[in-house]
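Protein sequences, first through last, are from chains A and B. Positions 1 to 345 (the numbering used here) are the ones given, in order, by the first sequence. Positions 346 to 690 (the numbering used here) are the ones given, in order, by the second sequence.
There are 2 protein chains.
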Amino acid sequence: MNPILVLGGGPAGLSAAAELAALGAPALLVERENYLGGNPKRWHYSLLAPDLKPAEEILGALLSKVEGNPKVDLRLSTTLSKAERSESGYLVTLKSADAVETRAVSAVVLATGFDHFDSRRKFEYGYGRFPDVLDFKELEAMIHDDRVVRPSDGKPPRRIAWILCVGSRDIQVGNPWCCRLGCAVSIKQAVEVRQKHPEIDAYVYYMDIRTYGLWEDLYWKSMQEYGVKFIRGRIGQITMAEGGSRLLATGEDTILSRPTEVPFDMIVLASGMEPGVGTKEAAALFAAPVGPEGFLSPSLSDLNPVDSGIPGLFYAGAATGPKAIPDAVTEGMGAALRAYQYARR
Amino acid sequence: MNPILVLGGGPAGLSAAAELAALGAPALLVERENYLGGNPKRWHYSLLAPDLKPAEEILGALLSKVEGNPKVDLRLSTTLSKAERSESGYLVTLKSADAVETRAVSAVVLATGFDHFDSRRKFEYGYGRFPDVLDFKELEAMIHDDRVVRPSDGKPPRRIAWILCVGSRDIQVGNPWCCRLGCAVSIKQAVEVRQKHPEIDAYVYYMDIRTYGLWEDLYWKSMQEYGVKFIRGRIGQITMAEGGSRLLATGEDTILSRPTEVPFDMIVLASGMEPGVGTKEAAALFAAPVGPEGFLSPSLSDLNPVDSGIPGLFYAGAATGPKAIPDAVTEGMGAALRAYQYARR
């Protein structure tokens, strides 16, 4: 059997490659970066919501099944430059710094994932201009290193705000969809901060709190056990106050129906999820349909998000829309199964 | 290979049985009811949120892979009365009206699903006492039959309210978790009603609107294209008004911070999801750990919701928590894959 191409080495791709190998099918795992692990690795995710399991442990479980596995031909720092349907699957051209190679593969799993919204595009929040306005990925690394301080002066903050839906549910920036994870991850961060530093006040500005399903437990606990405060409202602007030593969040409290203007030492932006660069490239290479949001559109024949409707092409993970890691891992299994069935048909 | 037991014939179980058969593994599909299709079939789900695909079409795709499949030994109206670990998997005792049978199976997939919250338990809403207070499952059937009328007098309603989170996010009734689907399904129903009957006003009472991910599109459209109105607030009580000809919803509008009391012709309750009877029974039979909510707790070794942590035992669908059909179907694939690997180890 020719190998099955898995494009993308994040949680979904790792899961797909691991399952293919377990089924005895050769996998060709191609990742554009020089490391495996996708966004969780890139941004040093610390503990994962809602169970506070260490991201490294979860990724480690997946990586150990893939790295060194004789059934997995692993290509880092490699992209796809061409893909062509063939009778037995696809002919794909792999491109790395030192080689261009064309390979016959028997099926393809696209696990090309998402990119975080670039918070600089939300200009009025001052990200990239005000050092104490952070993206929540940056706070994630700070929490991981147990060093939550203001980048401007290295001092511990007394009061932190999280602003949800930055680059999500926002028609102005062209991203009307919800990122599915910003609420849970922000609340998780607020809980972690309050656990270790009860002297820091934590405020969360939200439109709707979307800790769906059993994640709701995290939301309750954050209020009742950790005293995280929630303010329903949209922050319109962040400015510098007190001679540049603090930040001022201005907006509307939609519960109290009045303007709000509150000083903070640090403000954390929950940046949304967009189709990844690799997802856009793959959609073009494989002529795969995308929805209005730019994510790959599955065929949904039985509602599963894995079948593309194109012979030999399968999807896993956030390439088809914002997704939590458990779903990405499960879809990796589903895509591996379908690709395996196709390859041995 | 001894067959792999799939317990539960809803979307997750159908998916698991279909995938096992496709892998060439014999499946023993056991369902307590006398039909396949689970809750979508039981409650006559009409069009599914958010894509408005007919539930029958989706179920049909799954059913056609299972019914009449020589690899699937299908047992309707059958329950499990005993389960015992054996060297090669499990010994399970099946019980139906006319037979008790013990079978050796090589692995087990629990796809025992959820039950809808019984809205009568939310006594103050009058469900079961006031004929025009419906559960949203009942409206689903009305929409399916294109006959949206008041049960009390058969007249078309002029004004309908949906109350979200009935038996969800509610500590009083002991269900603090979120059902994950009540928002999307209610909004979908409001859109369907407004599409066909633009003269009917549609109001949705909510705490948070949780149309997560790409489902957000449905929420926007419901407001902008279909004029569905959203009121943030909790209805405390429903009473009869105008001599019994209308319903009165009393509560608090938490945006306007004032009491609200609005008459409606019909009120629809978005009833939550609880662990199914079959899920509770299976947890006991297999000594499988459950979380505080009563759903099965996966081991989450790599965050996937499929591995139980118990040898030979795997989970799929809403047995591990409230879940949409696409996720249930995908988990059916994952569980089939894992069970297959275990059975052929």
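Just so it is clear, CB atoms sit at the ideal spot from N, CA and C, and this is done for glycine as well.
Find out if the Cβ-Cβ distance for the pair residue i, residue j is shorter than 8 Å.
{"i": "tyrosine 551/B", "j": "cysteine 528/B", "result": "yes"}
{"i": "glutamate 192/A", "j": "leucine 47/A", "result": "yes"}
{"i": "phenylalanine 123/A", "j": "alanine 318/A", "result": "no"}
{"i": "valine 417/B", "j": "alanine 361/B", "result": "no"}
{"i": "arginine 194/A", "j": "valine 173/A", "result": "no"}
{"i": "arginine 158/A", "j": "aspartate 201/A", "result": "yes"}
{"i": "leucine 630/B", "j": "alanine 506/B", "result": "no"}
{"i": "valine 185/A", "j": "phenylalanine 136/A", "result": "yes"}
{"i": "tyrosine 342/A", "j": "leucine 110/A", "result": "no"}
{"i": "leucine 134/A", "j": "leucine 62/A", "result": "no"}
{"i": "serine 119/A", "j": "alanine 104/A", "result": "no"}
{"i": "isoleucine 58/A", "j": "aspartate 490/B", "result": "no"}
{"i": "lysine 67/A", "j": "alanine 336/A", "result": "What sits at residue 67/A in the sequence shown is glutamate, not lysine. Not in contact: glutamate 67/A and alanine 336/A (Cβ atoms no closer than 8 Å)."}
{"i": "phenylalanine 140/A", "j": "tryptophan 220/A", "result": "According to the sequence as given, residue 140/A is glutamate; it is not phenylalanine. Contact: no."}
Just the C-alpha distance for residue i and residue j, rounded to the nearest angstrom, thanks.
{"i": "aspartate 253/A", "j": "phenylalanine 295/A", "result": "33 Å"}
{"i": "aspartate 98/A", "j": "proline 54/A", "result": "36 Å"}
{"i": "methionine 585/B", "j": "proline 476/B", "result": "11 Å"}
{"i": "threonine 665/B", "j": "arginine 345/A", "result": "33 Å"}
{"i": "valine 149/A", "j": "isoleucine 209/A", "result": "26 Å"}
{"i": "alanine 324/A", "j": "arginine 591/B", "result": "44 Å"}
{"i": "proline 634/B", "j": "glycine 37/A", "result": "30 Å"}
{"i": "tryptophan 177/A", "j": "leucine 559/B", "result": "5 Å"}
{"i": "aspartate 396/B", "j": "proline 501/B", "result": "26 Å"}
{"i": "lysine 410/B", "j": "proline 496/B", "result": "38 Å"}
{"i": "alanine 287/A", "j": "aspartate 307/A", "result": "15 Å"}
{"i": "threonine 457/B", "j": "alanine 628/B", "result": "10 Å"}
{"i": "glutamate 199/A", "j": "threonine 556/B", "result": "35 Å"}
{"i": "leucine 188/A", "j": "alanine 370/B", "result": "Reading the sequence as shown, one finds lysine at residue 188/A and not leucine. Each residue's alpha carbon lies about 42 Å from the other."}
{"i": "proline 298/A", "j": "valine 108/A", "result": "14 Å"}
{"i": "aspartate 153/A", "j": "arginine 147/A", "result": "13 Å"}
{"i": "serine 222/A", "j": "lysine 196/A", "result": "13 Å"}
{"i": "valine 607/B", "j": "glycine 588/B", "result": "15 Å"}
{"i": "serine 106/A", "j": "tyrosine 685/B", "result": "22 Å"}
{"i": "tyrosine 470/B", "j": "isoleucine 612/B", "result": "9 Å"}
{"i": "serine 426/B", "j": "valine 445/B", "result": "9 Å"}
So who's on the other strand from residue i, going by DSSP bridges?
{"i": "isoleucine 600/B", "result": "Note: isoleucine 600/B sits in no beta bridge, so no partner."}
{"i": "valine 148/A", "result": "Looking at the DSSP assignment, valine 148/A forms no beta bridge with any residue, so it has no partner."}
{"i": "serine 86/A", "result": "Gly89/A"}
{"i": "asparagine 175/A", "result": "Asp170/A"}
{"i": "threonine 595/B", "result": "Gln582/B, Glu606/B"}
{"i": "tyrosine 548/B", "result": "Ala506/B, Lys574/B"}
{"i": "serine 271/A", "result": "Val166/A"}
{"i": "threonine 424/B", "result": "Lys440/B"}
{"i": "phenylalanine 130/A", "result": "Beta-bridge pairing links phenylalanine 130/A to no other residue."}
{"i": "valine 193/A", "result": "Bridge partners of valine 193/A: none, in fact."}
{"i": "leucine 641/B", "result": "Val635/B"}
{"i": "aspartate 652/B", "result": "Phe659/B"}
{"i": "isoleucine 349/B", "result": "Ala372/B, Ala452/B"}
{"i": "leucine 74/A", "result": "Leu29/A"}
{"i": "aspartate 135/A", "result": "Leu269/A"}
{"i": "leucine 47/A", "result": "Pro54/A"}
Specify the secondary structure class of residue i as computed by DSSP and reduced to three states.
{"i": "valine 262/A", "result": "strand"}
{"i": "threonine 112/A", "result": "coil"}
{"i": "serine 441/B", "result": "strand"}
{"i": "aspartate 208/A", "result": "coil"}
{"i": "proline 27/A", "result": "Correcting the residue type first, residue 27/A is alanine in the shown sequence and not proline. Reduced to three states, the DSSP call for alanine 27/A is strand."}
{"i": "aspartate 302/A", "result": "coil"}
{"i": "phenylalanine 328/B", "result": "In the structure displayed, chain B extends from 346 to 690; residue 328/B sits before or after that span and is not available."}
{"i": "proline 54/A", "result": "strand"}
{"i": "alanine 107/A", "result": "strand"}
{"i": "glutamate 446/B", "result": "strand"}
{"i": "tyrosine 660/B", "result": "strand"}
{"i": "aspartate 153/A", "result": "coil"}
{"i": "leucine 181/A", "result": "coil"}
{"i": "phenylalanine 462/B", "result": "coil"}
{"i": "glutamate 561/B", "result": "helix"}
{"i": "arginine 338/A", "result": "helix"}
(request) Flag this pair as touching only if the segment 67 to 86 of chain A and the segment 24 to 42 of chain A have three or more C-beta atom pairs under 8 Å; answer yes or no. (result) Touching, yes.
(request) Check whether the segment 605 to 623 of chain B touches the segment 507 to 522 of chain B, taking contact to mean three or more Cβ pairs, one atom from each stretch, closer than 8 Å. (result) Three or more Cβ pairs closer than 8 Å define a contact, and the segment 605 to 623 of chain B meets that threshold against the segment 507 to 522 of chain B.
(message) Under 8 Å: do the segment 326 to 338 of chain A and the segment 666 to 684 of chain B share three or more Cβ pairs, one atom per stretch?
(response) In short, these stretches touch, since the Cβ pair count reaches three.
(request) Flag this pair as touching only if the segment 87 to 95 of chain A and the segment 1 to 14 of chain A have three or more C-beta atom pairs under 8 Å; answer yes or no. (result) Yes, since at least three Cβ pairs between the segment 87 to 95 of chain A and the segment 1 to 14 of chain A fall closer than 8 Å, the two stretches touch.
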